[in-house]
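In this text, residue positions in the sequence shown follow the working numbering: the first is 4, and each later residue adds one.
We put the CB at the ideal spot given by N, CA and C, even for glycine.
Here the structure is a predicted model, which means the values were calculated and not measured.
One structure is given below, encoded as structure tokens.
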Amino acid sequence: MTDRTRLLRLLEDYGGELMSFALSLVGNRAEAEDACQDMVVQMLKHWDRVEVNKNLKSWAFTILYRKCLDQLKKRRRFLNFFRRATADFSAALEERTGNRLEESISDSALSQLRPAERTCLFLWAREGYSSEEIAGIMGCSPGTVRVHLFQARRKLKKLMERGNEKKAPVSSG
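Written out as structure tokens, the structure is:
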């Protein structure tokens with residue numbers, strides 16, 4: 004199988020999973036697509052260094068994970084700049100409506116997890132990777148992966164419990 008065929012086959016077989024993974028990390032389609040494109044570019048750039056028996060799927064997830072972290076860092080820098088620039092607007096909005104700008108934006112439960120927690124949870128629950136395999140992708144120890152998984156599950160449980168408390172009917176005792 005030629006190098007080009009191996010890469011095309013990887014993208015055909017796992018493109019959907021890679022895109023889902025990126026989307027779960029960065030939270031929006033445009034940034035996920037950018038991260039996936041950056042992953043392909045980096046794979047092509049370093050293709051001559053790939054060992055014949057290398058697990059391309061794990062390599063792709065590793066590169067994509069790092070590209071998604073880069074996207075999140077860029078977004079954080081932009082949001083920090085944006086928050087400083089809109090602080091006066093937010094204060095004025097609060098005076099007029101009683102709502103702060105940040106409070107009007109609701110996030111999903113998964114977006115409240117740290118990127119490392121979200122990554123571990125996705126790779127474990129969705130892709131079926133073991134903690135050892137996830138550690139290889141993320142460049143950390145299996146113990147760190149298990150801690151991230153524990154923290155992610157604990158946070159999600161608390162968020163779901165809070166959500167159920169809000170939805171629970173009030174008894175008229």
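- Query: How long is the line joining the alpha carbons of Phe125 and Arg156, rounded to whole angstroms?
  - Reply: 11 Å
- Message: Tell me which residues share the same chain as Leu72 and place their Cβ nearer than 7 Å to its Cβ, disregarding the 5 neighbours each side in the sequence.
- Response: Pro118
- Message: Under DSSP, the alpha helix (DSSP H) around Ile57 begins and ends at which residues?
- Response: Note on identity: in this sequence residue 57 is Lys, with Ile being the wrong assignment. Annotation: Lys57 is outside any alpha helix (DSSP H) and is labelled neither H nor E by DSSP.
- Message: Residues in the same chain with beta-carbon distance under 8 Å from Leu67, minus the five sequence neighbours each way, listed in chain order, please.
- Response: Leu21, Phe24, Ala25, Ala38, Cys39, Met42
- Taking only the alpha-carbon atoms, compute the straight-line gap between Ser114 and Lys158 and give it to the nearest angstrom. 11 Å
- Boundaries (first-last residue) of the alpha helix (DSSP H) holding Asp6: 6-29
- Query: Is it right to say Phe153 is buried, meaning 16 or more other beta carbons lie within 10 angstroms of its own, or is it exposed?
  - Reply: exposed
- Query: Does the distance from the C-beta atom of Arg129 to that of Leu28 stay below 8 Å?
  - Reply: No. Outside cutoff.
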